[in-house]
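First up is the structure itself, then whatever we jot down about it.
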Amino acid sequence: MMSIRRSHRPGSATALAVIAVLAVLVSTPSAAEAAGKRIVGLGDSYASGVGTRTYYAESGSCQRSPYAYPVVDAARVGATLSFRACSGATTPRS
53 MMSIRRSHRP
63 GSATALAVIA
73 VLAVLVSTPS
83 AAEAAGKRIV
93 GLGDSYASGV
103 GTRTYYAESG
113 SCQRSPYAYP
123 VVDAARVGAT
133 LSFRACSGAT
143 TPRS
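Throughout the sequence shown, residue numbering follows our numbering, covering 53 to 146 in sequence.
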């Protein structure tokens, strides 16, 4: 009977997970690094946050939400946000 040899080391999955987490932590800017940075939120209903049922009054038909990902991401990294996403936004065909 032949023995089966596994090339997978028991700790290798854990090591890869640790490396992945470290890569994310290293690549995520701290609040100090984000100071002076600006995020521009562009896009259609997905970027504006349609579906959250909470919208800024001044956004009108664009339905911009304080729970939209550009708002959340800008707050997370401490960046200034220029929120221009608009529900139903389209681009002209050329």
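Heads up, the beta-carbon is just placed ideally off N, CA and C, and yes, glycines get one too.
Residue i, buried or exposed, once every other Cβ within 10 Å from all chains shown has been counted against 16
{"i": "S113", "result": "exposed"}
{"i": "Y119", "result": "exposed"}
{"i": "P144", "result": "exposed"}
{"i": "S134", "result": "exposed"}
{"i": "V123", "result": "buried"}
{"i": "S146", "result": "exposed"}
Straight-line gap, residue i to residue j (C-alpha atoms, nearest Å)
{"i": "S98", "j": "S139", "result": "According to the sequence provided, residue 98 is Tyr. The question's Ser does not apply to it. Those two C-alpha atoms are separated by around 8 Å."}
{"i": "S100", "j": "S111", "result": "10 Å"}
{"i": "Y121", "j": "A109", "result": "18 Å"}
Residues near residue i in its chain [Cβ-Cβ closer than 7 Å; skip 5 each side]
{"i": "A131", "result": "A86, K89, R90 and I91"}
{"i": "R136", "result": "V92, G93 and L94"}
{"i": "T106", "result": "S117, P118 and Y119"}
{"i": "A141", "result": "G95 and D96"}
Residues near residue i in its chain [Cβ-Cβ closer than 8 Å; skip 5 each side]
{"i": "V102", "result": "Q115, S117 and S139"}
{"i": "A126", "result": "I91, G93, T132 and L133"}
Helix, strand or coil at residue i [DSSP, three-state]
{"i": "S134", "result": "strand"}
{"i": "R57", "result": "Below a pLDDT of 50, predicted positions are generally treated as unreliable, and R57, at 44, falls in that range; the measurement from the model is reported next regardless. Correct three-state label for R57: coil."}
Own chain partners of residue i with C-beta closer than 6 Å, once the 5 adjacent residues on each side are dropped
{"i": "T104", "result": "S117 and Y119"}
Which runs of the alpha helix (DSSP H), 4 residues or longer, sit entirely within the stretch 86-132? 97-100 and 121-129
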